[in-house]
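In this note's numbering, the protein residues as written are 1 to 195.
Using N, Cα and C, we set each Cβ at its ideal position, and we do this for glycine too.
Keep in mind the model is a prediction, meaning the values are calculated, not measured.
Have a look at this one:
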């Protein structure tokens, strides 16, 4: 497994200090560390109404994903959302001003974020979880809440059957542990840090 961090990376103890930018090539198997990228969570009984007032979709069901203007919004519970930025751009300012009944779930501070892409992604995940993900290859924009490498995790599946993309979220305190798991169980993937 090759480690190639970028200067924009938030520094973690497990990150080497050399610099190399990430280049995605079709057919390449990559695990990208996106822990630096903006994300947040919302929860509380006021969340659906807040989404409507801010013209953001509230996913139709638990474990479903909706998209809106550079955001992916994953529904984790009846009133709990994970909001992901598709780029390094900051989240909209509306997330800073929440009414009563809607609360931030600080996912940027508490969850590490890895993205697995390339051929064999779904099959490689079988080495890290007991969840049967093969049937989800043709069901993009789905969420799987499971155990991953012994950790509680949220997997957000997108892409296509031929080009799967799986975003993996686990406790940020397990960042180093998870990079070691990837190196051991997914050696055919290159681990890169993306700025």
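Exercise for review: Compare the Cα-Cα distances from residue 115 to each of 51, 42, 45, 166 and report the closest residue.
Suggested key: Reading the chain shown from its first residue, position 115 is the one you call residue 115. Checking every option, the nearest Cα to that of residue 115 belongs to 166.
**Study point:** Buried versus exposed, by CB contacts within 10 Å (16 or more), residue 5
**Key:** The residue given as residue 5 occupies position 5 in the chain shown. Because the pLDDT at residue 5 is just 40, under 50, the model does not fix this residue reliably, and the value given afterwards should be weighed accordingly. Flag for residue 5 reads buried.
Exercise for review: Classify residue 189 as helix, strand or coil using the three-state DSSP reduction.
Suggested key: If you number the chain shown from 1, residue 189 lands on position 189. Looking at residue 189 - three-state DSSP - the assignment turns out to be coil, as it is neither helix nor strand.
Check your understanding: Going straight from the alpha carbon of residue 38 to that of residue 128, what length do you get?
Key -> On the chain shown, position 38 is the one that residue 38 refers to. On the chain shown, position 128 is the one that residue 128 refers to. Whole-angstrom Cα-Cα distance: 25 angstroms.
Practice item. Assign residue 147 to buried or exposed, taking buried as 16 or more other Cβ atoms, counted over all protein chains shown, within 10 Å of its Cβ. Key: Here the question's residue 147 lines up with position 147 in the chain shown. That one is exposed.
Practice item. Using beta-carbon positions only, say whether residue 65 and residue 185 come within less than 8 angstroms of one another. Key: For the purposes of this step, residue 65 is taken as residue 65 along the chain shown, with counting starting at 1. For the purposes of this step, residue 185 is taken as residue 185 along the chain shown, with counting starting at 1. Against a cut-off of 8 angstroms, the Cβ pair of residue 185 and residue 65 comes out as no contact.
Exercise for review: May I ask you to list the residues that DSSP assigns as paired with residue 164?
Suggested key: Position 164 of the chain shown, counted from the start, is the residue given in the question as residue 164. According to DSSP, residue 164 bridges with 159.
Review point. Fully enclosed by the stretch 30-87, which beta strand (DSSP E) runs are 3 residues long or longer?
Key: Runs found: 30-33, 39-43, 65-68, 71-75, 81-85.
Point to revise | Alpha carbon of residue 23 to alpha carbon of residue 100, nearest angstrom | key: In the chain shown, residue 23 corresponds to position 23, counting from 1. In the chain shown, residue 100 corresponds to position 100, counting from 1. Only weak support is given to the placement of residue 23: the predicted model assigns it a pLDDT of 39, under 50, and the value that follows is read from those uncertain coordinates. If I take the Cα positions, the gap works out to 43 angstroms.
Review point. Any idea if residue 187 is buried or exposed, counting beta-carbon neighbours within 10 angstroms, 16 or more meaning buried?
Key: The residue you call residue 187 lines up with position 187 of the chain shown. Exposed: under 16 other Cβ atoms inside 10 Å.
Practice item. Return the chain-ordered list of same chain residues with a C-beta closer than 6 angstroms to the C-beta of residue 182, the five sequence neighbours on each side being excluded. Key: Mapped onto the chain shown, residue 182 falls at position 182. Around residue 182, the same chain offers 31, 191 as residues with beta carbons nearer than 6 angstroms, after the five sequence neighbours per side are excluded.
Check your understanding: Between the Cα of residue 71 and the Cα atoms of 83, 157, 53, which residue gives the shortest distance?
Key -> Position 71 of the chain shown holds residue 71. Looking at the Cα atoms, 83 is the closest of the given residues.
Point to revise | Beta-bridge pairing of residue 114 - partner residues as DSSP gives them | key: Here residue 114 refers to the residue found at position 114 when the chain shown is read from its first residue. For residue 114, which the question treats as bridged, DSSP gives the partners 33, 168.
Practice item. Note down the Cα distance separating residue 145 from residue 56, rounded to an integer number of angstroms. Key: Here the question's residue 145 lines up with position 145 in the chain shown. Here the question's residue 56 lines up with position 56 in the chain shown. One C-alpha to the other measures close to 23 angstroms.
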